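All remarks here apply to the structure that follows.
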Amino acid sequence: MDKVGVGKRQKKRSSVVWPILILLTVLTAMFFFIKYIIKGKNVALLNPKGLIAQEQYNLLVFTVTVLLAAVIPTMIILYYTAWKYRESNSVTAALPEANKNKHIVAYMWAIPIVIMLVLANTMWPATHRLAPQRPINDSKPLTIQVVAMRWKWLFIYPDQKIATVNFVQIPINTPVKFEMTADEMPMSSFWIPNLGGQLYTMTGHVNRLNLMADTVGDYPGSTPEINGNGFAGMKFTARVSSDDDFDQWVKQVKSLPEILDSAKYEDILRPSEYNSAAFYSAYENNLYDKVVLKYTGSAEGHKHE
Amino acid sequence: MKEFLVGKLNWSDLPHDWVMFGGTATFILTFIVALVVLIRTNKLKWLWNEWLTSVDPKKIGIMYFISGGVMLLRGGLDVLLMWAQQALSSGDSRGFLTAEHYQEIFTAHGNIMVFFVAMAFIFGLINYIVPLQIGARDLASPFLNTLGFWLFIGGIVMVNMFFVFGGHYAATGWLAVAPLSGKEFSPGVGVDYWIWSLMISGIGTTLGAINFIMTILKMRAPGMKLLKMPLFTWGSLCSMIMAVTVFPLLTATLFLVYFDRVLGTHFFTTLGGGDPMMYTNLIWMWGHPEVYVLILPAFGVFSEVVSTFSRKPIASYKSAVAGMIGVSAFALSVWLHHFFTMGAGADVNAFFGIMTMVIAIPTSVLVFNWIATMYKGKIKFDTPMLWFMGFVAIFAIGGITGVMLAIPPIDFQLHNSLFLVAHFHSTVIGGVLFGIFCAISYWFPKFTGIRLNERIGKLAFWFWVIGFCLSFIPMYVLGFMGASRRLDHYDASTGWQPLFILMFIGGLVIAIGVAMQLAQILASFIQKNKLRDVTGGDPWNGRTLEWATSSPPQFYNFTVIPQVSSVDAYWEMKQQGIQKPVYEDIHMPKNTAVGIYISIYGTLASFAFVWEINWIIVVSIIGIIVTFIRRAFTEDSEYTITAAEVQKLEEKRIKKSLEDDKHKADDSEEEMGVIELVKFIINFVLNIIKNKSWRKW
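Encoded structure:
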């Protein structure tokens with residue numbers, strides 16, 4: 001009899017051990033595979049290149065740490081409990097009818113409440129500090145007006161009087177204020193993962209996103225909100241350069257022949273997909289205001305403060 | 001004239017590219033084959049009388065399961081198409097789908113999985129189990145139940161109708177955000193199909209939810225106070241109250257979109273004073289509670305399973321109930337966290353962020369409660385418990401990522417990225433789908449009187465878990481790399497392709513898991529003599545009332561309505577010894593086809609709304625009203641089974657079950673594995689060919 005019992009137990013155990021071993025092997029193999037794959041690639045969220053992205057990253061690390069500190073022990077306790085009180089474990093033959101420990105309910109509620117208080121305490125000020133509308137510092141930001149169109153991004157530099165499509169250059173360590181709207185375009189989203197992120201663009205509305213870059217380089221910008229056929233191709237490059245290089249670039253663009261007059265604007269407003277970058281040395285007066293005005297009747301737009 | 005007769009319908013709208021045509025052919029062929037088989041076997045009448053027109057919640061529950069299962073395969077096929085496209089479409093290659101087609105597929109995938117898979121299974125479970133758990137013979141309104149089910153089927157027909165009648169499905173994402181869903185940006189009929197499919201099934205859901213609330217509140221067995229209800233019933237009650245609260249909002253919003261599209265109103269347009277932000281608010285006010293409508297019954301299932309398999313009552317019943325009520329109450333006040341990025345101020349965002357984090361508290365309480373329930377228990381690890389074990393790990397990942405997304409500054413970076421997609425799949429697959437699988441493996445002996453094959457079931461579980469890791473861990477990583485969701489193409493320089501390929505492989509592994517689940521059910525029926533449940537309806541040593549009936553239960557559920565005095569009512573009954581029943585007269589509702597007629601009119605009207613065929617709209621709406629009024633004046637909707645008849649039925653059942661028990665194979669016969677099943681099928685087919693037995697058909 002005994003022998004049969006032992007044999008059965010061994011057989012039972014192996015039926016769980018093998019799948020768990022396979023799962024662990026798959027996870028380990030995946031870990032190394034993914035590590036190999038992402039080597040040298042831009043893992044944007046772990047690789048912040050600007051003030052806002054850096055703060056968002058810090059907050060992310062803090063949150064994950066707090067949560068893991070709570071969840072990992074919980075998971076270990078759960079699986080350990082399940083393992084320890086399994087039927088085949090003869091040690092736990094007792095079968096109590098009810099829980100005797102009265103405190104357990106208090107713990108149940110107290111632990112998550114404390115964790116959420118810790119997180120909420122950090123989150124409230126962080127949300128205010130990192131509100132996209134909030135200026136980075138007291139110095140005057142570089143203003144860039146952004147218009148989402150089907151399916152491209154138009155950037156207008158009101159101080160430099162130049163305009164670009166699907167390419168935006170900004171100087172390093174300078175606060176930049178993106179004023180965003182859209183024209184003949186469903187709701188879209190403006191995101192430069194390395195610099196910080198994401199705000200919606202809507203016709204007749206002006207959304208403001210303040211960012212500041214701290215490392216020179218080219219960063220991908222994208223449009224994560226679904227907006228039609230050209231959705232996947234609606235990408236742009238954000239180039240961060242030194243102040244001198246930025247001035248140089250502005251001068252260079254200003255010397256180009258092409259200008260964004262109303263005819264040209266109508267032309268690029270037409271839906272088109274996978275557009276490459278374009279540069280205009282000048283644009284029609286009050287172009288951005290006209291775009292907003294088209295939908296609201298007031299140049300102010302619906303401000304999102 | 002043509003416009004009067006067929007509205008906007010056109011020959012050129014009929015399916016013509018080959019991927020679509022594959023779907024068209026499959027649908028039509030399946031329908032024809034099913035019809036032919038039914039006619040040849042003379043089962044058509046039986047199907048109509050016994051199943052389609054049935055008002056028995058148990059039969060309606062099974063029909064929900066079958067339609068949900070079919071839709072799971074359809075939605076799963078969508079996933080494989082999407083992931084194959086993403087695995088291929090890097091750099092110069094554009095994959096095999098156009099952007100529009102790809103967008104239609106993910107839209108359909110989202111709608112089908114939420115409305116016609118998750119909702120189907122949850123409604124099926126509530127239909128089958130809740131009346132049994134509360135000791136009721138039927139629902140408060142059996143007619144509303146069949147009507148709700150058939151409207152749900154109408155929704156399924158509408159979501160797949162473009163395969164047959166042409167046009168396209170919506171390419172807007174599963175919530176059809178405005179203004180993208182407006183006429184300006186989506187001129188085709190796709191969004192209209194979307195509107196009317198959700199409209200018709202949404203009305204069905206509302207009716208069903210009202211019915212279940214009435215049933216749970218008014219039809220409990222004597223002695224079952226609210227705080228003595230089983231936890232699955234509690235989860236269902238919370239879920240249905242939420243459904244009643246938010247589904248009318250969906251219906252209203254859909255009407256407004258439709259008015260915008262067809263009548264030229266300006267609720268959500270960009271011009272003319274419309275406000276798309278209003279749409280985003282309205283749809284998420286419904287959309288967020290909707291996912292909790294799905295998860296709460298799943299929480300209930302897990303509570304029951306953990307308690308039963310640990311052979312202990314739930315550690316803190318009141319905390320579990322409070323947790324569920326807490327989740328459903330807070331779920332109504334968090335919708336804005338789906339669009340922190342729309343530009344609201346910091347105060348608004350922070351408020352909704354905190355509300356969202358508050359939901360994590362009752363959810364964690366439930367998890368701790370399950371741990372405390374297992375503590376000092378005696379845990380059996382059958383497949384239902386295995387699904388629970390898988391659920392906890394995956395749901396924990398979903399929970400962590402959910403709290404991350406609840407913090408607005410982090411959300412600005414993660415929103416609309418693949419990280420978000422991976423997050424909600426962790427909660428929906430880990431929570432809802434695993435909950436459904438757990439429930440089905442737990443209650444399958446109740447549905448059929450046969451246990452599910454454990455060997456293949458465990459295999460299926462492991463394929464699901466490993467497949468899930470293979471697909472969704474890369475997806476989280478892709479989110480960190482800045483990959484947004486819904487991309488049909490990306491640059492080769494991003495280095496994303498290997499990760500997308502890994503996701504596709506994971507998808508295939510999950511597909512094997514699904515195939516295993518089908519094999520599991522098949523193998524269980526093949527070996528039904530071995531797997532027969534001889535315990536008289538209580539295979540797991542259950543605690544709640546559904547185990548007090550036979551398996552499958554008689555159509556009147558209980559011969560005698562039990563008297564309840566504690567949460568674990570049946571456990572208590574077993575402790576005290578079950579008494580011999582005293583039979584009494586039973587009133588049961590008659591079957592009715594009115595639900596089917598109304599749903600046919602409703603689906604016709606929906607179809608006509610999509611293609612703007614006004615005469616069909618008028619005719620079908622009149623049809624609905626007339627049918628409904630006629631039904632309202634039908635007084636002959638019930639019949640009585642006398643005590644003597646009940647006794648006869650019971651004796652017949654007991655005799656039959658004793659007879660069946662004699663056929664029970666002895667334990668020496670091993671449970672089938674996959675290899676044995678394949679061998680069996682090959683032999684079966686070979687036998688048919690050898691004996692030429694098709695001639696008999």
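Going down the list, the sequences are from chains A and B.
Position 246 of the first sequence, counted from 1, bears residue number 246 in this note's numbering, the numbering being contiguous throughout.
Position 625 of the second sequence, counted from 1, bears residue number 625 in this note's numbering, the numbering being contiguous throughout.
All C-beta atoms in this analysis are idealised placements derived from N, C-alpha and C, irrespective of residue type, glycine included.
Quick caveat: nothing in here was measured; it's all calculated off a predicted structure.
{"Asked": "Tell me the residue span of the alpha helix (DSSP H) that contains B:M285.", "Found": "P276 to S310"}
{"Asked": "Rounded to a whole number of angstroms, what is the C-alpha to C-alpha distance between B:M229 and B:S417?", "Found": "41 Å"}
{"Asked": "If I measure Cβ to Cβ from A:I52 and keep anything under 6 Å in the same chain, skipping five residues before and after, which residues do I get?", "Found": "G196 and L211"}
{"Asked": "Just tell me which of B:R631, B:F299, B:K183 and B:L649 has its CA closest to the CA of B:P142.", "Found": "B:R631"}
{"Asked": "Would you check if the distance between the CB atom of A:A29 and the CB atom of B:M481 is smaller than 8 Å?", "Found": "no"}
{"Asked": "Check whether chain B comes within 8 Å of A:H103, counting only Cβ atoms and requiring the distance to be less than that.", "Found": "no"}
{"Asked": "Buried or exposed: which applies to B:Q133, given that a residue is buried once 16 or more other Cβ atoms fall within 10 Å of its Cβ?", "Found": "buried"}
{"Asked": "Quick check: is the beta carbon of B:W462 nearer than 8 Å to any beta carbon in chain A?", "Found": "yes"}
{"Asked": "Using a Cβ cut-off of 8 Å (strictly closer), state whether A:I259 contacts chain B.", "Found": "no"}
{"Asked": "Compare the Cα-Cα distances from B:P539 to each of B:M20, B:V114 and B:T308 and report the closest residue.", "Found": "B:T308"}
{"Asked": "State the CB to CB distance for the pair B:D56 and B:F555, rounded to an integer number of angstroms; the pair is presumed to be in contact (CB under 8 Å).", "Found": "5 Å"}
{"Asked": "For a contact meaning CB atoms closer than 7 Å, what does A:P220 contact in chain B?", "Found": "G482"}
{"Asked": "Report the neighbours of A:E225 on chain B: residues whose CB is nearer than 7 Å to its CB, in chain order.", "Found": "N416"}
{"Asked": "Specify the secondary structure class of B:H701 as computed by DSSP and reduced to three states.", "Found": "Nothing in the structure corresponds to residue 701 of chain B, since chain B is present only between 1 and 697."}
{"Asked": "Closest to B:I598 by CA distance: which of B:P409, B:W11 and B:F152 is it?", "Found": "B:F152"}
{"Asked": "How long is the line joining the alpha carbons of B:G124 and B:I66, rounded to whole angstroms?", "Found": "9 Å"}
{"Asked": "Could you check whether the Cβ of A:K8 sits closer than 8 Å to any Cβ belonging to chain B?", "Found": "The predicted model places A:K8 with a pLDDT of 45, which falls under 50 and marks its position as unreliable; any figure quoted below should be read in that light. For A:K8, the answer is no, since every Cβ of chain B falls outside 8 Å of its Cβ."}
{"Asked": "Taking the continuous alpha helix (DSSP H) assigned at A:N207, which residues delimit it?", "Found": "Per DSSP, A:N207 belongs to no alpha helix (DSSP H); it is in the beta strand (DSSP E), H205 to L211."}
{"Asked": "Would B:D488 count as contacting chain A if we go by Cβ distances under 8 Å?", "Found": "yes"}
{"Asked": "Below 8 Å CB to CB, which residues in the same chain sit around A:K8 once its five sequence neighbours on both sides are set aside?", "Found": "Its pLDDT being 45, under 50, A:K8 is placed unreliably in this model, and the value from its coordinates should be taken loosely. There are no such residues."}
{"Asked": "Can you check whether the C-beta of A:T307 is within less than 8 Å of a C-beta belonging to chain B?", "Found": "With chain A represented from 1 up to 305, any question about residue 307 of chain A goes unanswered, as that position is not in the structure."}
{"Asked": "Does B:K378 come within less than 8 Å of chain A when only Cβ atoms are used?", "Found": "yes"}
{"Asked": "Quick one: grab the DSSP three-state call for A:G221.", "Found": "strand"}
{"Asked": "Considering only their Cβ atoms, is the gap separating A:D218 from A:T237 smaller than 8 Å?", "Found": "yes"}
{"Asked": "Please return the same chain residues whose Cβ sits closer than 6 Å to the Cβ of B:H16, not counting the five positions on each side in sequence.", "Found": "none"}
{"Asked": "Within the same chain, show all residues whose beta-carbon is closer than 6 Å to that of B:A331, passing over the 5 residues directly before and after it, in chain order.", "Found": "P289 and Y292"}
{"Asked": "Mind checking if A:I34 is an interface residue toward chain B, Cβ cutoff 8 Å exclusive?", "Found": "yes"}
{"Asked": "Name the two residues that bound the continuous beta strand (DSSP E) containing A:A148.", "Found": "L142 to M149"}
{"Asked": "Let me know the beta strand (DSSP E) ranges lying completely inside the region 125 to 199 of chain A, each 3 residues or longer, listed in chain order.", "Found": "142 to 149, 152 to 157, 162 to 165, 167 to 171, 176 to 182 and 188 to 192"}
{"Asked": "What residues in the region 536 to 556 of chain B have a beta carbon less than 7 Å from any beta carbon of chain C?", "Found": "Annotation note: the requested chain C is absent from the structure, which comprises protein chains A and B."}
{"Asked": "Taking 8 Å as the threshold, find out whether the region 119 to 134 of chain A comes into contact with the region 407 to 415 of chain B through three or more Cβ pairs.", "Found": "yes"}
{"Asked": "Over the uninterrupted beta strand (DSSP E) stretch that includes B:E638, give me the two end residues.", "Found": "E638 to I641"}
{"Asked": "Based on Cα-Cα distance, which residue from B:Y375, B:Y570 and B:K690 lies nearest to A:R86?", "Found": "B:Y375"}
{"Asked": "Kindly indicate if chain A contains any beta-carbon less than 8 Å away from that of B:L499.", "Found": "yes"}
{"Asked": "Using only the alpha-carbon positions, how far apart do B:T265 and B:F259 sit?", "Found": "6 Å"}
{"Asked": "Sorted by chain position, which residues of the same chain lie with C-beta nearer than 7 Å to B:M355's C-beta, five sequence neighbours on each side aside?", "Found": "F330, S333 and V334"}
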